[in-house]
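Inspection log for the structure reproduced underneath, given as structure tokens.
Residue numbers (the working numbering), protein chains in the order written: chain A, 651 to 1005; chain B, 651 to 1005.
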């Protein structure tokens, strides 16, 4: 039996999007591809309130994180770490020979603008990296206030992992001045994994020109050369681009703001459900994610047992990440998941808890 | 109207493989994924006559070429160039700060073992790179004789782009001693683009350990850590792996050797057809590719006109690559294309030529 996915990626994919994955093939140098690519990019620009370039990468988001580090950091990056995926930024930077300085705070907390300001004041950094929505902890950082700080440092590249919230919360890329804003399509986009997207500012493109050893597969300048023809340098995952284009039409039809609103409401509902049952959130008050709730497992049940029970209903949630494995559990409420799905899921969890 | 693809990638994808792309999603840390991944790897090992590790990368082949250069070349690589894709090896190496020495021969010719031997004798190289099947020119190099030379230099990594021939011709990886043998799934595998595979020798894994700055997304050691659990470090394209697993079963059912044989026969048929009509091959005698025929356009028609005509029949072939655009045309006969498809295509081309 298929288990409906309430894990924070891959998320449940609707039938029409799965069907779009099965579109018969075309050549990636055909005019049909050019049209498909252009359409998809334009819809993504709408979603992100941006006029920036949008790169579509045949890779996971991790690939585009590597791209950002190789293209935007000449020497030193300030990495804001409050969970596993913001940590990944730092790992990637180091693996590519960049110097990494860290703001490391307790998991579950949000990185605060003042912390960033204090560090950037030294003038030592090319870039900062952060996870806007920490999938491992369910923390959404305050991007607006961080963006205000970043405006004081226009030469510092603002690299944002929006992997598990893009299309689930408003990210006004141009207003916020984000230089690289990236995500994979298997989270709030609700598509199968295998494709990642990123908006790239003109400043980031300029920065890339000044940097040596950008590599090839993720070189912004190589990508741009083909982007100007609405193509990609290497053969892309055309199936995913068909599905993304299809899904973006549906997202626009739903209404972008309506979509964000739906995510917020599902998140609130889950929090209220947890609160009513004596759970509390792992994420810091005021910074709860709209796409994934990380809940302290105060009742001490085994998440595996819960999932074994949910499997009989045809659903699955996620345990905690890493050392949080049994201490927290995570419910994703993103993508095309609807309030009714969440209500049903929570009723099953209630059934499990009452045993 | 859908145009049946006779271009050298992406190739035509059968309905059942498209349907496999639309399999409902599972988590990439689920036991179901572990089974899927393991099964797929084991079938690929059979296809390549190897006990080597098989990495499955969510990227195009170009990504795995970058991986090979970053993981297997500490300083200097000998790049054998006889077309656009063997050239790409050199571009990638340079973009990653490696020193590149070149054997550059005329497009359409095969790189000869003696040329490689002469260079390697200097003892200057970490690795050699080559395109076993040059998609741009339809040249299949003599891998067996090159492999004999390579046996004299066991410390030199043998990096082989088998992009447009893997699963279309026999590559006995272990016997040949290939250290990295890579391909994308959109060529002779006849799947949608978006996934690449590579066999990696123990020697290559050892070499990687000695090299700094391997990056992250394509780091063999990171990949290996997850491979040992039948997983991938980042979220992979699960849809593609479903399709690859499905297609590998069909390939094994067809019979691997039967499949290679079918490719040879289609290639012979195309060459004979060309010869009978006064065309000749762009590729050097004795080195014609079994998967793609690059034919000199001795009649001087416009390939675009031919394709406009073929479009009315629901088919498309390829023009020449780069500067060969109008001088050659390319017919791919790979993947799941059958002799009957080729016969039909050629009858349409005859119809065009008779006008």
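Glycine is no exception: its CB is placed at the ideal position from the N, C-alpha and C atoms.
Item                                                                                                                                             : Value
Range of the contiguous beta strand (DSSP E) that encloses residue 754 (chain B)                                                                 : 749-754
Cα-Cα separation, residue 660 (chain A) to residue 766 (chain B)                                                                                 : 46 Å
Top-ranked residue by Cα proximity to residue 683 (chain B), from B:909, B:902, B:881                                                            : B:881
Test: residue 663 (chain B) CB closer than 8 Å to a CB of chain A                                                                                : yes
Terminal residues of the alpha helix (DSSP H) in which residue 770 (chain A) lies                                                                : 763-770
Residues that DSSP places opposite residue 834 (chain A) in a beta bridge                                                                        : A:846
Residue range of the unbroken alpha helix (DSSP H) whose run includes residue 1054 (chain B)                                                     : The first residue shown for chain B is 651 and the last is 1005, placing residue 1054 (chain B) beyond what the model contains.
Sequence-distant residues of the same chain with beta carbon closer than 7 Å to residue 965 (chain B), five excluded per side                    : 653, 654, 656, 995, 998
Proximity of residue 842 (chain A) and residue 675 (chain B) at Cβ, strictly below 8 Å                                                           : yes
Of the listed residues B:802, B:829, B:961, B:771, nearest to residue 812 (chain B) (C-alpha basis)                                              : B:829
Pair within 8 Å by beta-carbon distance, residue 672 (chain B) and residue 845 (chain A)                                                         : no
Neighbour-count burial assignment, residue 740 (chain B), 16 or more Cβ in a 10 Å radius                                                         : buried
Reference residue 794 (chain B); option with closest CA among B:863, B:810, B:788, B:913                                                         : B:810
Nearest-angstrom Cβ-Cβ length linking residue 789 (chain A) and residue 937 (chain A), presumed shorter than 8 Å                                 : 5 Å
N- and C-terminal bounds of the beta strand (DSSP E) containing residue 926 (chain B)                                                            : Element bounds for residue 926 (chain B): not the beta strand (DSSP E) but the alpha helix (DSSP H), 906-926.
Of the residues B:831, B:858, B:958, the one placed nearest residue 870 (chain B), counting alpha carbons only                                   : B:858
Near-chain B residues of the segment 947-976 of chain A - C-beta to any C-beta below 9 Å                                                         : 966, 968
Supposed close pair residue 715 (chain B), residue 832 (chain B) - CB separation, criterion 8 Å                                                  : 7 Å
Under the three-state DSSP convention, the category residue 722 (chain A) falls into                                                             : helix
is_contact[residue 804 (chain A), chain B] using C-beta, thresh 8 Å                                                                              : no
Segment contact, 8 Å Cβ cut-off, at least three pairs: the segment 734-751 of chain A with the segment 706-726 of chain A                        : yes
Closest residue to residue 690 (chain B) among B:763, B:772, B:889, B:823 (Cα-Cα distance)                                                       : B:889
Contacts around residue 746 (chain B), its chain only, beta-carbon distance under 7 Å, and the 5 residues preceding and following it disregarded : 716, 719, 720
Reference residue 854 (chain A), options A:724, A:729, A:763, closest by Cα                                                                      : A:724
Partners in chain A for residue 788 (chain B), counting only beta-carbon separations shorter than 7 Å                                            : Simply none; closest approach about 17 Å.
For residue 707 (chain B), the residue or residues it bridges with in DSSP                                                                       : B:846
DSSP three-state assignment for residue 858 (chain B), whether helix, strand or coil                                                             : helix
Pairwise C-alpha distance: residue 905 (chain A) and residue 894 (chain A)                                                                       : 16 Å
Selection from B:917, B:712, B:702 that minimises the alpha carbon distance to residue 856 (chain B)                                             : B:702
Which listed residue (A:688, A:1005, A:782) has its alpha carbon closest to that of residue 939 (chain A)                                        : A:782
Residue span of the beta strand (DSSP E) that contains residue 779 (chain B), given as start and end                                             : 777-781
Spatial distance of residue 837 (chain A) from residue 784 (chain B) (CA atoms)                                                                  : 38 Å
Cutoff 8 Å: residue 980 (chain A) Cβ touching any chain B Cβ                                                                                     : no
Beta-carbon separation (whole angstroms), residue 705 (chain A) vs residue 807 (chain A), contact threshold 8 Å                                  : That pair is no contact at about 15 Å.
Spatial distance of residue 884 (chain A) from residue 866 (chain A) (CA atoms)                                                                  : 10 Å
Helix, strand or coil at residue 698 (chain B) according to DSSP, with G and I counted as helix                                                  : coil
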